[in-house]
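Taking it in order: structure first as structure tokens, then the write-up.
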Amino acid sequence: MRKHRGSEESAGLRIRLAVQRDRALIFSVALAVALVLQGTGTLHVSYFVIVSLFVVTNLSAWLLARLVRLGVPYVLHDVLWLGLDIGFVSWAVYETGGIDSPWYPWYLPVISGAAFVIGLWAAFWAFVISLAAYLGVLVLNGDLQGPGPELNNATAVMVCLYASSFLFLRGVRILQHKRAVIARMEAEGRHKLGELTQLARQLESTSDELLVANEKLRESDRLKSQFLANVSHELRTPLNSIIGFSEILANHAEGERAERESRYLDYIQRSGRRLLSVIDDILDLSRMEAGAIVLAPEKLAVRSTVEGVCTLLKAPANQKRVELRVEVAE
Numbered sequence: 049m050r051k052h053r054g055s056e057e058s059a060g061l062r063i064r065l066a067v068q069r070d071r072a073l074i075f076s077v078a079l080a081v082a083l084v085l086q087g088t089g090t091l092h093v094s095y096f097v098i099v100s101l102f103v104v105t106n107l108s109a110w111l112l113a114r115l116v117r118l119g120v121p122y123v124l125h126d127v128l129w130l131g132l133d134i135g136f137v138s139w140a141v142y143e144t145g146g147i148d149s150p151w152y153p154w155y156l157p158v159i160s161g162a163a164f165v166i167g168l169w170a171a172f173w174a175f176v177i178s179l180a181a182y183l184g185v186l187v188l189n190g191d192l193q194g195p196g197p198e199l200n201n202a203t204a205v206m207v208c209l210y211a212s213s214f215l216f217l218r219g220v221r222i223l224q225h226k227r228a229v230i231a232r233m234e235a236e237g238r239h240k241l242g243e244l245t246q247l248a249r250q251l252e253s254t255s256d257e258l259l260v261a262n263e264k265l266r267e268s269d270r271l272k273s274q275f276l277a278n279v280s281h282e283l284r285t286p287l288n289s290i291i292g293f294s295e296i297l298a299n300h301a302e303g304e305r306a307e308r309e310s311r312y313l314d315y316i317q318r319s320g321r322r323l324l325s326v327i328d329d330i331l332d333l334s335r336m337e338a339g340a341i342v343l344a345p346e347k348l349a350v351r352s353t354v355e356g357v358c359t360l361l362k363a364p365a366n367q368k369r370v371e372l373r374v375e376v377a378e
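Residue numbers (the working numbering): 49 to 378.
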């Protein structure tokens, strides 16, 4: 919002400065026209008045440009230049013959400028003030003594001047409005394009991050497979040895302690087979994740499984004085 307001203020400053440049240009054109008409004898006014008007009008354009650069409110600036221009035209009409002066059409640039810069309502009030100033000059010049044909003719001239330009000014204002709408749409389009470009860059950055993450996942899978292979080799081999040697010892146990040693060796065998089964289950799960195994459901001996678990838990249970009792249906 602050950026949008700043752009509007900048546009307003550019418009006001352009107005003063155009005023200086119009005054220069008016000087040239006045000199030509004076040279041909059409315009009866002294060169001093012509030069004075030229100097004063251009000086006002320079001063107003300076004021608007210094931050004078735009409303005050617009009122000043419109009032000054109506006064300058009225001065020129007075000096060039009053009601017989050919200079009254120069009110039209003032009205047009008000329409371009401010709006049609400002052009209307510029016309009203111009009409009042024109009639005042005629009264001051002695051309109007009161109501009558002269007043009607002078009013009709100014009304026709404004009416002839109204449709043109209205069309220009409509075009200006459409141009402003198009400019705003283009600005919004550029803003949206910037957002889409930024979003595309973010997506591209996210894609790169996903590629890196995928590479890390593949590396993790490779390390997992390598780890499982090491587990299969490093754990299964010594476990098979433990189970095998315990079976040999159980078969050769003799003497008074044979029964107890056979029982201990049986525990070692069961624990080793249990651990080997757990390792096999882990490996099977890994193969299942990789889609390299097909499940084959089979019956489970519940009693022997429960008894195996109880065998593992018997020693800790005895230490905590917990009695384990198995009740499983046949």
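Glycine included, C-beta positions come from ideal geometry on N, C-alpha and C.
Residue burial classification, residue i (beta-carbon count within 10 angstroms, cutoff 16)
i, result
"Gly161", "buried"
"Leu361", "exposed"
"Ile134", "buried"
"Gly190", "exposed"
"Thr88", "exposed"
"Tyr95", "exposed"
"Ile230", "exposed"
"Val357", "exposed"
"Phe136", "buried"
"Phe75", "buried"
"Gly194", "exposed"
"Leu91", "buried"
"Thr353", "exposed"
"Ser138", "buried"
"Gly292", "exposed"
"Ala82", "buried"
"Ser178", "buried"
"Leu112", "buried"
"Thr105", "buried"
"Ser386", "Within the shown structure, residues of the chain are numbered from 49 to 378, placing residue 386 beyond reach of any answer."
"Gln68", "buried"
"Val116", "buried"
"Asp329", "exposed"
"Gly320", "buried"
"Val165", "buried"
"Trp151", "buried"
"Leu348", "exposed"
"Ser253", "exposed"
"Arg64", "buried"
Alpha helix (DSSP H) segment containing residue i, residue limits
i, result
"Glu355", "350–367"
"Glu143", "122–143"
"Arg117", "95–117"
"Ala171", "168–189"
Three-way DSSP call (helix, strand, coil) for residue i in this model
i, result
"Glu304", "Residue placement at Glu304 is poorly supported in this model, since its pLDDT is 49, which falls under 50; the coordinates are not used for a value here."
"Gly194", "coil"
"Gly237", "helix"
"Trp379", "This structure cannot settle anything about residue 379, because the visible part of the chain is limited to 49 through 378."
"Leu343", "coil"
"Val158", "helix"
"Thr90", "coil"
"Glu378", "coil"
"Ala71", "Position check: residue 71 holds Arg in this sequence, whereas Ala was assumed. The answer is helix: DSSP assigns Arg71 an H, G or I state."
"Glu257", "helix"
"Val267", "Per the sequence shown, residue 267 should be read as Glu rather than Val. Helix at Glu267."
"Glu252", "helix"
"Leu247", "helix"
"Val370", "coil"
Test: residue i CB closer than 8 Å to a CB of chain D
i, result
"Asp256", "This model lacks chain D altogether, as it is built from one protein chain only."
Nearest-angstrom Cβ-Cβ length linking residue i and residue j, presumed shorter than 8 Å
i, j, result
"Ala174", "Ile159", "5 Å"
"Gly146", "Val185", "6 Å"
"Ser34", "Gln317", "The first residue shown for the chain is 49 and the last is 378, placing residue 34 beyond what the model contains."
"Ala155", "Tyr122", "Reading off the sequence shown, one finds Tyr at residue 155, where the question assumed Ala. Their Cβ separation, rounded to whole angstroms, is 23 Å, which puts Tyr155 and Tyr122 out of contact at 8 Å."
"Thr144", "Val93", "5 Å"
"Ala163", "Ala171", "4 Å"
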